[in-house]
Structures are given as structure tokens and as C-alpha cells.
Amino acid sequence: MTVTGSRGSLPEPATYSGRFRIPQSVLGYTLILLPLLVMGTLILYPAFLSVSDTLTDRNPDGSLQVSLADYAEFFDTPLAVRNLAFSLRITAITVAVLFLLGFPISLYLRFTRGRLGDLIQSLALFPLFVPGIIAAYALIRFIGDNGWLERFLVLLFGYEGFTSPYLRPAGIVVGLAWEGISITVLILTAGLSQIPDSLLETATDVGANRWQSFWRITMPLMKRSVLIVLTLNFLTVFGSFTIPYLLGPASPEMMGPYMRRTFYDANLPSRAQVQAVITFLISGIVSLLYVRSVVSQKVEEES
Amino acid sequence: MSQKKSSLRNALSVAGSLLAVLLICAACAMPVPGQTAAETEVSVIDVYIGSDTNISDWWSNSIKPAFDKAHPGYELNIIHTGSGGGGNGPIADRAMAALETGNDPGSDYFETFNPLQPIGAMEAGLWQEITEDNVPNLANVIDSARRSSNGFDIPYRGSQVLLAYNAERLLQILKDRGEVGSDATEVPSEFVPATWPELMEWICAFPGEFIYPRPDTTGAGREFVTRAVFQANGLEVDRFSVQAYAEQYGAGELTADQIAEINETHFAGAWEQLNAIEPCLYDNGAYPSGSSAETRLLVDNLTTMITIWSDQALQAKGLGLLPEQTKFIQLDDLPMVGGYASSTIPTNANDLEGALLLANYLLSAEMQESVVREIGGFPAISWDLLPSELQEDFNDVITDTVPSFSSSWRAAMFDGWYTHVAPDVERE
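If you want it as C-alpha cells, here you go:
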């Protein structure tokens, strides 16, 4: 990947001296070989075994044959299909909520300077440093029945019709939105900071109003960052475990808790494998979008 | 750069990378310096604990110091894997893989584990058979503790699920309804359930005041569901033994047909009862996950009655974590199901002898007394072998029978609950 680009195209560093210098490419290969080995032996190989396991059936005589029976069983099980649909729905909602929350914050942070901006930035980054399980228990106390939120609403506004999202699908969305806001704001502010001030000033000079320069200049230049944020959030949310396990309803379940339960509690490892492969496939398709947008950026930069 | 030079560099770089990897592998395989003969005199026994933190704290603070002192050649290394997210499962998977390849399993003792797992472990000979020859104190273990064992595990501490209720809250509800006079100070006994059918009635007589947690997330939920299964099967406790399961369904992964058959034959009545009380549960069936999330509902005055482990209840009450007026009930018709935590020892343990020694030590009168005093559990050996004042101190929770339900049935029960009970709740 990156190695092919660096070989030959970069000048030799001047710091190497003497006769026994190590060619830079050797160093490059060595550096990536270990992670590649780890990935190959600990992730790719077991993943390959799992996938091939779900695709084969053992005949009574001991021979193997390719079969989609395991997948047919998954899609024949109403509960499994319901959980998959639920996971996709919750993921779509959470990704949308994260974007709608994160984009205005990032825009504000891009175009403002001062203490308030710094404060908002550190607040937006705060969830990054809180472990998921602690956040989940804190949220139970905050949004649960008789929680702080409910008490605030009663005290400040006299509002008593509060329905707690805890142990409801909305609880998962609230928890995951809290967890994901940091990375969303980080990526979007990084994207926005690449838009030079001069470009926006030029637009103002030729008579564009704020709305026009936002819509014609900022938005088109933000396309890639937005795509990255949507895909990354999709991957994190779709595969999440702790928040849906602690804040979500007993049923339907998201794929994370569903897989764990099938594997350990129900002791049905081959079903869990099928669930995992299906989850992996969906995540794989979304990762492709991510990789494509990153690669296209690289190609553009290099050309 | 010329073509020739660059291909030479390619070859060099590949060779160099290979050499680097070889060096790293060699470094991994070398023995760690410092582990010399002088230091290996003390043999370390790696104990994996997949239970709640009250158990791992007890191991670290009481068992380890006592065992290390009593057995100078050994030292316990306590590793807590947690009760959620698989617990000891991955460690057992590793021991199983190590058995096949002849490697170091990295574990000597599993505080609580089901010897029927991982699938194929029994056939492969992963777990050490426990007899009176290798664990002499096994002779003192009582029958009800042995019933849940298949001979390849050591039942060593029991506990039971109780009902805990906030008497103050219940009294207030009764006063508000005018069922008792406004000057009443105690809940009349007819408003406290004593049998399973009374409990079912109570739950719907006080809608929203009872909850049990998801059965796979804590024993407090699991044993409540198990009690429903017993009720649906005419309280025939013996129907759910390890042997009965193995005879009917073997030791492999269940097929779809078998799952359906188990639910129809053994569990259908339980699902019917649990579905019937569902609309009367707290917040229309808001099943919490885990014991702390459930206990919070009692502590924060959101419900009147929950299910709770005897050991956790006694500890929490002692620490003042439960409402002051919290009382405990055990059902009279058949006590709420409890069970014995069973330890397992892998046959490929680094120090098999030491692990067996530890098993024997846990079944000694001294450690069994610690089970009662420190974690509010039941001893696995007869009460007669323990000091008589102990029996008086713990009169509230002592029952003669702790019905057990073998873990092989549990997996099917968990799956059935999620398929037949949980999805009926509309919680948008």
C-alpha cells in the first residue's frame, strides 16, 4: 500500500553513513511485516476458518460439501431477522443523529475563536476519555426513571410526562450518540480546517452571502469528510456491544449482544458464527466505501 | 536507479525482513531470564474467576492468604475475568486449544465452570475427573451439591435466589389503597407471597411493583426462570439432571429441531406463566441486564420486589446498600432454585497436584465456614461438620434443599426465554 509509493520515489535520507547502511525498503518491509503477520494469524486466518465453516456441511460419511443451509436457517428464524433489521435501523438513526449533532458543532468550532470555542471543543472531546461501561452506568442514573434528567424536568419546568429511554431502543441511540460525538466532531473539524480562509474570503469578495459560500464552497469540499464520518460511525455503532447490552431492551437486540448471547449463553457457536459473518459482510460493504474515499483522496493528492 | 540495482534491493529487502522475523520469533521462544531454579521453588497456581466481584474479592482477601500460609510451596494467582462477556469461557477455549497442541494452557483452576464446555471438552479429556482419591474431602460433600456435578467438577459453595421486598413501600401502597388502616406498622402476612402461585397472583395484584432481570445476565434472573420451569413440570426436580439432558440431547450443539422440541416438551408451560405476568411487571416488562441494574430499581424506590442472590443480599444489607425495611422471602412450596458453584481443573494444568490440593482445601471445614461467614453462601459439606453457632447465626437463609438445575439445560432455557418471552414486550 503505502510502501509501494515510498520505494524509489523518496530520496535516501542523508543521516545514513558508512558502508553498512540498511536499504530503506528493507526497513519498510520489516516494519509492516509484523503487523501483517499478526493480522494474518490472529484475524484473517481465523476469520477465513469461520467463514468456510458456515459455508460447509459435513456429510454422514465425513466428507464436506458446500451448503448455504446455515444462512437459510438464519433468515428462516424470525427473531434473527428481527434483530438484524433492528440493528440496521438503530445504526441508521444513530449515524444520522451523530451527524446532525456533530456538524453544527464542528462548523461553530471552525469559524469561531475564543474561550467559549475552546470550552465547547473540550466538552465535545470528553466522551473519548470515558470508558463505555462507565458511561453506560452514568447514563442509567441520568436518563433512567427517577434519574437526574427526570428530576430536573420536574423541578425546573414542572414537566411530569417524562418516559425514560432506558431499556428502550431510544436508550441505545442516546448512549451511542454520547459515545460517538467526539470522533464525529474530530473528523469534521479536521475536514473543515482544510478549507482555506482565502477561498471563503474570495467568495465573499465577489458578492456571495454566507449561505451561498456554505452551500457552494464548504459543502462540496466537505463531501469526503462527511462520507468518512458516516462510514466510521456506521462501523462502530453496528458492531457495538456495551451500550446496547446495558441500555437497550431485552428484545429486539442489536447484533453485538445477540452474538455474544448465542455464543456463550445459548451455547450455539455455529449459529453465532453465521451471525458474525453476516455482520461482517454488512460492515465489509460499508468499509469498502470508506477505503475507496480514502484512496481516492490519496490518488488526488499525489497527482 | 537502474533496473538491476532495484531488483537486487528487492531481494535484499525480502531476505532482510525474513531475518528480522526469525530473530523476533527466536526471541519469543527463549526462556525469560531470571526464572532460575531458586525462584521456581514456589509454584504459582493460576486461578480464573468468572463470577461477580464479591467472589473475586473474597478469593483475593481471604482464600489466597489462608491457602498461601497453609501451603508454603504454593502461591495463588487470582485473575478476575468478570461475570459478563464470557467470563472464563475464552480461558477454557485456550486451555482446550493448548491440550490439542501440547502447549501451556496458562490456567490451573477455574473457580466456576461448566465441565461440559467448551463443546468437545469431555471427549478430549480436558477436565480432571474428581474422586475421593485425588480430593479426599469430596467424601464430605452432601448429595444435593453432588447432584449438579458430573464428576469432573468440584461443587464448593452454594447460594440461593431469594425475593427481596421493600416493606415500607408495600405498606404505603396498602395504606393508599385502604387495604390496611393508616396506623398499621407492619405488612399483614396475607400480602406477602409464600408460594409460587401466590407470587404469580401478587405480581398482578401489584402491577409494576415486581421485576426480574434477563436470565442470562445474572443468576437472579436465571433462577427465577428456572423456578417457573420447575413449576410447569410439576416440581419434578430430577427431570433436569445432567444425565437426563445427555441421554436426550447428547453433548453437541443443538439442531433447530432439538431446540424446538426442548421448548415444546419442557419449557412451554414456563413461557406461558412468564408471558402471563409480563404486562404486570415493572414498566411493562423492562428487563434489566445484570444484578446491579436490577438492584438499583429496588434501591431507587422504583419497585417493591425483586429477585436477588442470598449472598449478595446479605452482603448488601450488611453494608446498608438496600432500603432499611428490606425483607427477604423464600418460597415454601419449593425453595427458589439455587445452585452450587463448581470448580474445574484442566488435566493439562501446569501444576495439577497443586490445583487438586486447592480443591481439597476449599472443601475443608475452615474454608466452608468462610463460605457462610464471608459471602453469605451455603456450604457444600454438611452443616454438622461446621461449628453449631454458625447454624444459629444464619438461620434465615438455611434451607434443607437447594434444588439444582444442571447447566446443560440452562443454555436451551436462555435461548427459549429470548425467543418466547422477551419479544412480546412492546417497548418503543
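Chain order of the listed sequences is A and B.
All residue numbers for the first sequence refer to my numbering, where the first residue is 1 and numbers rise by one.
All residue numbers for the second sequence refer to my numbering, where the first residue is 1001 and numbers rise by one.
For glycine and all other residues, C-beta sits at the position ideal for the given N, C-alpha and C.
Asked	Found
Among B/1379, B/1425, B/1380 and B/1354, the one whose alpha carbon lies nearest that of residue 1042 of chain B	B/1354
Identity of the residues DSSP links to residue 1339 of chain B by a beta bridge	B/1159
Nearest residue (CA-CA) to residue 278 of chain A, options A/34, A/52, A/35 and A/29	A/52
Exposed unless 16 or more other CB atoms sit within 10 angstroms - verdict on residue 1025 of chain B	Here residue 1025 of chain B scores only 47 on pLDDT, less than 50, and its place in the model is too uncertain to base an answer on.
Proximity winner among B/1142, B/1148, B/1207 and B/1152, relative to residue 1170 of chain B (alpha-carbon distances)	B/1207
is_contact[residue 1286 of chain B, chain A] using C-beta, thresh 7 Å	yes
is_contact[residue 75 of chain A, chain B] using C-beta, thresh 7 Å	no
Distance cut-off 6 Å: residue 1228 of chain B Cβ against heavy atoms of the ligand NAD	The ligand NAD is not among the ligands present in this structure, which contains no ligands whatsoever.
For residue 1074 of chain B and residue 1045 of chain B, believed in contact at Cβ under 8 Å, the rounded distance	6 Å
The stretch 1275-1295 of chain B contacting the stretch 1342-1357 of chain B, beta-carbon criterion three pairs below 8 Å	no
Span separating the alpha-carbon of residue 257 of chain A from that of residue 1186 of chain B	43 Å
Inter-residue spacing [alpha-carbon to alpha-carbon] between residue 1093 of chain B and residue 1117 of chain B	9 Å
Which listed residue (A/262, A/49 and A/240) has its alpha carbon closest to that of residue 133 of chain A	A/240
Given 8 Å, three or more beta-carbon pairs between the stretch 1194-1214 of chain B and the stretch 1300-1315 of chain B	yes
8 Å Cβ cut-off: residues of chain A touching residue 1419 of chain B	79
Burial state of residue 111 of chain A, where buried means 16 or more other Cβ atoms lie within 10 Å	exposed
Minimum length 4: unbroken alpha helix (DSSP H) runs contained in the stretch 1340-1374 of chain B	1352-1362
Per-residue DSSP class, three states only, for residue 1071 of chain B	coil
Exposure label - residue 39 of chain A; buried when at least 16 CB within 10 Å	exposed
Closer than 8 Å at the beta carbon, the chain A residues around residue 1423 of chain B	79, 82, 251 and 252
Spatial distance of residue 1158 of chain B from residue 1260 of chain B (CA atoms)	32 Å
Closest Cα partner of residue 1049 of chain B within the set B/1390, B/1389 and B/1342	B/1342
Test item: CB-CB of residue 150 of chain A and residue 142 of chain A under 7 Å	no
C-beta neighbour in chain B for residue 57 of chain A, strict 7 Å	no
For residue 1238 of chain B, the three-state DSSP class (helix, strand or coil)	helix
Close-in-space but distant-in-sequence residues of the same chain around residue 1228 of chain B (CB under 7 Å, 5 per side omitted)	1270, 1273 and 1274
Neighbourhood of residue 1371 of chain B by C-beta, 6 Å cutoff - its chain only, sequence neighbours within 5 removed	1157, 1377 and 1379
Proximal residues to residue 147 of chain A (C-beta, below 6 Å), its chain only, five neighbours per side dropped	141
Cβ separation of residue 83 of chain A and residue 252 of chain A, assumed to be a contact under 8 Å, to the nearest whole Å	5 Å
Under 7 Å from the C-beta of residue 45 of chain A: neighbouring residues of chain B	Result: empty, since nearest Cβ-Cβ is about 14 Å, beyond 7 Å.
Whole runs of the alpha helix (DSSP H) within the stretch 1107-1131 of chain B, excluding any shorter than 4 residues	1121-1124
Range covered by the beta strand (DSSP E) that runs through residue 1328 of chain B	1326-1329
Cα-Cα separation between residue 145 of chain A and residue 1301 of chain B, rounded to whole angstroms	10 Å
Buried/exposed call for residue 1417 of chain B, threshold 16 Cβ in 10 Å	buried
Residue 45 of chain A, buried or exposed, once every other Cβ within 10 Å from all chains shown has been counted against 16	exposed
Residue 1090 of chain B versus B/1070, B/1077 and B/1114, residue with shortest Cα-Cα distance	B/1114
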